[in-house]
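Each residue of the sequence shown is one higher than the one before, counting from 1 in the UniProt record's numbering.
Where a beta carbon is used, it is the ideal one built from N, C-alpha and C, also for glycine.
Note that this is a predicted model, so its numbers are computed, not measured.
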Amino acid sequence: MITGLRLFSTSTLASARQYKYVVTRKVARKPDLKVGDVKPRKLAIPRTAPKFPEYKYGDSKIYKQSNKGLYGGQFLQFGNKISEFKNKNGRKWSLNVHTKSLWSEILNKSIRVKLTARVLRTINKEGGLDQYLLKDKSARIKELGPTGWKLKFQLLTKKENQKKRTYYQDLEKITVNGQEKHVYFQQSGKKFLVGKRRLLKELYPLVKGDSDLTWKEYHDQHKSLAQEEVIEKLHKYNYDFSEVAQTA
Numbered sequence: 001m002i003t004g005l006r007l008f009s010t011s012t013l014a015s016a017r018q019y020k021y022v023v024t025r026k027v028a029r030k031p032d033l034k035v036g037d038v039k040p041r042k043l044a045i046p047r048t049a050p051k052f053p054e055y056k057y058g059d060s061k062i063y064k065q066s067n068k069g070l071y072g073g074q075f076l077q078f079g080n081k082i083s084e085f086k087n088k089n090g091r092k093w094s095l096n097v098h099t100k101s102l103w104s105e106i107l108n109k110s111i112r113v114k115l116t117a118r119v120l121r122t123i124n125k126e127g128g129l130d131q132y133l134l135k136d137k138s139a140r141i142k143e144l145g146p147t148g149w150k151l152k153f154q155l156l157t158k159k160e161n162q163k164k165r166t167y168y169q170d171l172e173k174i175t176v177n178g179q180e181k182h183v184y185f186q187q188s189g190k191k192f193l194v195g196k197r198r199l200l201k202e203l204y205p206l207v208k209g210d211s212d213l214t215w216k217e218y219h220d221q222h223k224s225l226a227q228e229e230v231i232e233k234l235h236k237y238n239y240d241f242s243e244v245a246q247t248a
């Protein structure tokens with residue numbers, strides 16, 4: 001007779017016990033600072049910006065090798081093996097860990113990673129590594145761990161870059177002074193060769209004038225304006241659009 005939690009169990013109780021070690025991690029709280037706030041004396045500012053966003057549940061302090069792979073929130077389990085005569089012998093249930101090369105369609109390359117047999121079965125059911133990592137349910141976020149979180153960020157970044165590349169490829173192109181330029185949008189019989197961000201920069205010195213208006217204050221006031229509204233404001237200041245637009 002053997003008692004204890006079996007790692008191959010798929011019951012709700014088993015999942016709850018596994019995630020308990022993930023959601024109860026004590027992650028140090030970081031102060032929510034804004035521009036202009038006084039820096040706390042003991043706050044260390046890193047020299048370089050982090051490459052990946054912070055994982056909500058932090059690194060595991062127990063069974064630390066799970067931080068370097070896809071372990072699905074699983075950990076070593078301890079229990080007792082009870083004989084016919086009620087004698088208890090302590091034992092542990094280890095994880096069935098493999099090292100696999102999994103293909104990513106989005107990254108267009110194989111990713112070599114450590115993962116448990118249960119996670120591998122889940123990946124096969126989901127239809128691939130990309131589908132497993134990109135699922136947004138809270139349970140999936142909990143079981144990703146630091147490694148899965150970083151892989152997910154890489155996939156999302158790649159997808160966003162692909163969208164931007166497709167967007168620029170679909171834009172109309174015209175030749176201006178021997179150079180090929182994109183047409184971002186058309187309005188009032190003009191083809192604009194710049195986007196909203198550039199138009200806001202052109203509007204800033206006109207709005208500021210001789211006042212002490214900072215760029216941050218100006219940007220906070222105007223960032224929600226549509227392109228048409230920014231153009232209307234430029235018209236009020238008699239702005240010369242020859243550098244940013246061509247007649248259609």
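- Query: On the three-state DSSP scale, how would you describe Ala28?
  - Reply: In the structure shown, the three-state DSSP call for Ala28 is coil.
- Would you mind sorting Phe192 into buried or exposed? The rule is 16 or more other CB atoms within 10 Å of its CB. Its Cβ being crowded by 16 or more others within 10 Å, Phe192 is buried.
- Query: Got a sec, what are the start and stop residues for the beta strand (DSSP E) Glu99 sits in?
  - Reply: In the sequence as displayed, the identity of residue 99 is Thr instead of Glu. Boundaries of the beta strand (DSSP E) around Thr99: 97-104.
- DSSP-derived helix/strand/coil call for Arg91: In this structure, Arg91 counts as strand in the three-state DSSP scheme.
- Item | Top-ranked residue by Cα proximity to Glu232, from Val207, Thr214, Leu213, Trp215 | Glu232 has its Cα closest to that of Val207, out of Val207, Thr214, Leu213, Trp215.
- Counting pairs of Cβ atoms below 8 Å between the segment 171-183 and the segment 138-156, do you hit three or more? Taking 8 Å as the limit for Cβ pairs, the verdict is that the segment 138-156 does not touch the segment 171-183.
- Item | Pairwise C-alpha distance: Glu243 and Tyr57 | Their backbone Cα atoms lie some 50 Å apart in a straight line.
- Query: Is it true that the CB of Leu203 sits closer than 8 Å to the CB of Val183?
  - Reply: Between Val183 and Leu203, the C-beta spacing is not below 8 Å.
- First and last residue of the beta strand (DSSP E) that includes Gly79? Counting along the chain, the unbroken beta strand (DSSP E) around Gly79 starts and ends at 77-82.
- Query: Any idea what DSSP makes of Val113, helix, strand or coil?
  - Reply: Here Val113 sits in strand by DSSP.
- Taking the alpha helix (DSSP H) that Ala139 falls in, what are its first and last residues? Looking at the DSSP string, the run of the alpha helix (DSSP H) that includes Ala139 is 138-170.
- Endpoints, the alpha helix (DSSP H) within which Gln186 is located: Careful: Gln186 lies outside any alpha helix (DSSP H), inside the beta strand (DSSP E) at 185-187.
- Message: Shorter than 7 Å, the distance from the beta carbon of Arg29 to the closest heavy atom of the ligand PLP, or not?
- Response: The ligand content of the structure shown is nil, which means the ligand PLP is not present either.
- Would you give the residue range spanned by the beta strand (DSSP E) that Gln131 belongs to? The continuous stretches of beta strand (DSSP E) do not include Gln131, which lies in the alpha helix (DSSP H) extending over residues 129-134.
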